[in-house]
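Everything in the sequence shown is counted per the working numbering, starting at 39 for the first residue and increasing by one.
We put the beta carbon where it would ideally sit given N, CA and C, even for glycine.
Because the structure is a prediction, the values reported are computed rather than measured.
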Amino acid sequence: MAKKRISDLIHQEAQNLPDSDGTPVIEVVAQEVLEEDAEPANELPINATEKPTASSKSPTKAELEATVTELKAALEQGSQKESLLQQQIADLRSELDEQKTFVKKLQKELEQAKPLKAELEQVKKAAVQLAEANSKLIAEANGAKEAYGAKEANAAKEANAVKKERSDIQPSGYRKSPGKLPNYAPPLPKEPVDFATNTWLLD
39 MAKKRISDLI
49 HQEAQNLPDS
59 DGTPVIEVVA
69 QEVLEEDAEP
79 ANELPINATE
89 KPTASSKSPT
99 KAELEATVTE
109 LKAALEQGSQ
119 KESLLQQQIA
129 DLRSELDEQK
139 TFVKKLQKEL
149 EQAKPLKAEL
159 EQVKKAAVQL
169 AEANSKLIAE
179 ANGAKEAYGA
189 KEANAAKEAN
199 AVKKERSDIQ
209 PSGYRKSPGK
219 LPNYAPPLPK
229 EPVDFATNTW
239 LLD
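Written out as structure tokens, the structure is:
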């Protein structure tokens with residue numbers, strides 16, 4: 039069946055060919071095909087040089103110019119996109135360099151801060167020790183103050199007790215009266231004194 043279809047196609051093509059003018063002729067190479075491997079006639083490969091038809095004619099000059107214009111526009115757009123992408127790449131590289139510089143600066147500052155951190159830890163420890171010592175001294179001072187207050191209270195109690203004992207020894211109504219002085223009279227002269235004899239100094 040496949041052989042018959044191929045031969046029918048060859049006869050039809052031969053009838054359609056013009057008889058003159060050296061028009062290209064379709065050359066068909068017939069090959070023997072087994073029926074089990076046979077395919078439909080419309081899918082069989084045909085090695086032939088086909089006659090150009092109206093649909094496969096070469097494009098016109100206007101179409102070519104339009105195509106060239108479209109290609110130039112596409113090329114221009116591609117160039118613009120490429121330049122834009124290159125600019126973005128340059129910006130990203132610059133930003134990356136800035137980030138690297140910033141990271142290096144931070145690392146350097148971190149290295150410089152390590153001794154300060156250790157010193158700060160020592161200061162914290164010293165502050166804690168001072169606070170503990172201060173609390174201890176305050177506690178000791180409070181204890182000494184309480185002890186001193188207790189001693190003062192005991193001394194005051196003892197003084198009050200001594201005063202009470204002394205007041206118990208002397209009665210409260212006792213009043214010491216001063217003693218009477220002896221009556222002393224000057225001795226009288228035995229003979230009267232002559233006043234005239236005592237006034238000689240007045241002359």
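Each residue's CA atom was taken as its position, placing R204 and E196 some 12 Å apart.
In the three-state DSSP reduction, S173 falls in the helix class (H, G or I).
Between N198 and G181, the alpha-carbon positions lie close to 26 Å from each other.
It is roughly 14 Å from the alpha-carbon of L113 to the alpha-carbon of L122.
K138 and L144 have their C-alpha atoms spaced approximately 10 Å apart.
Q118 and E147 have their C-alpha atoms spaced approximately 43 Å apart. Going by C-alpha positions, E108 is about 50 Å away from K142. Distance between S132 and Q125, taken at the CA atoms: about 10 Å. Spanning the alpha carbons of I48 and E120 requires a straight line of approximately 56 Å. Per DSSP, reduced to three states, the secondary structure at S205 is helical. Each residue's CA atom was taken as its position, placing N172 and K202 some 44 Å apart.
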